[in-house]
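Have a look at the structure below before the remarks.
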Amino acid sequence: MIIGLHHAQITIPTGAEEEGKKFYCEILGLTEREKPDSLKGRGGFWLEVGDRDVHVGTEDGFDRVTTKAHLAYQVQDISYWRSVLKQHNIQVIEGVPIPGFERFEFRDPFGNRVEMIQEV
Numbered sequence: 001m002i003i004g005l006h007h008a009q010i011t012i013p014t015g016a017e018e019e020g021k022k023f024y025c026e027i028l029g030l031t032e033r034e035k036p037d038s039l040k041g042r043g044g045f046w047l048e049v050g051d052r053d054v055h056v057g058t059e060d061g062f063d064r065v066t067t068k069a070h071l072a073y074q075v076q077d078i079s080y081w082r083s084v085l086k087q088h089n090i091q092v093i094e095g096v097p098i099p100g101f102e103r104f105e106f107r108d109p110f111g112n113r114v115e116m117i118q119e120v
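The UniProt record's numbering applies: residue 1 is where the sequence shown begins, and numbers increase by one.
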């Protein structure tokens, strides 16, 4: 029996950890969580998102712009996030409407598709 979701993982290019932390921690305001010593040598970093984690691993030779795979961050004030992203010159892409939700998408600096979603 599956009882929940422990974490999700995205990837960024090898060596892009500092740029990744700047985007995810400084712009999106997520908190970095220390990785276990046994995994530190593998690169990447972990983030706290509510009561779950997002693991940011490193991977080369993959075109992230070509995939629909994504994470959707649930937010309380979607207009705030739209404004923050525009201030950082990040293109907001309107999503297909879903009843009961307001949402939009964007690509992180590495091409990963990201969604912001708010229940209305």
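Think of the CB as a built atom: it goes at the ideal place given N, C-alpha and C, for glycine as much as any other residue. Only a predicted model underlies this, so the values are computations on that prediction, with no experimental measurement involved.
Residue burial classification, residue i (beta-carbon count within 10 angstroms, cutoff 16)
i: Phe23; result: buried
i: Ala16; result: buried
i: Ile10; result: buried
i: Leu30; result: buried
i: Asp37; result: exposed
i: Val108; result: Just to set this straight, residue 108 is Asp in the shown sequence, not Val. Classification of Asp108: buried, given that the 10 Å Cβ count is 16 or more.
Contact under 8 Å by Cβ, residue i with residue j
i: Val56; j: Gly44; result: yes
i: Val75; j: Ile117; result: yes
i: His70; j: Arg42; result: no
i: Arg33; j: Trp46; result: yes
i: Val96; j: Arg82; result: no
i: Leu85; j: Phe106; result: yes
Cβ distance (whole Å) where residue i is taken to contact residue j below 8 Å
i: Phe104; j: Glu119; result: At roughly 14 Å, the Cβ-Cβ gap does not stay under 8 Å, so Phe104 and Glu119 are not in contact.
i: His88; j: Arg52; result: Not quite, the Cβ-Cβ distance comes to about 24 Å (not below 8 Å), so this is no contact.
Residue from the options with nearest C-alpha to residue i
i: Asp60; options: Met1, Ile12, Pro109, Leu5; result: Ile12
i: Glu48; options: Thr67, Lys68, Tyr73; result: Tyr73
i: Cys68; options: Glu115, Leu5, Ile78; result: Looking at the sequence provided, one finds Lys at residue 68 rather than Cys. The residue with the shortest Cα to Cα distance from Lys68 is Glu115.
i: Thr66; options: Ile3, Phe110, Gly20; result: Phe110
Beta bridge counterpart(s) of residue i as assigned by DSSP
i: Lys46; result: Looking at the sequence itself, residue 46 is Trp, so the reference to Lys does not match. Arg33, His55.
i: Phe101; result: Ile98, Glu119
i: His7; result: Asp53
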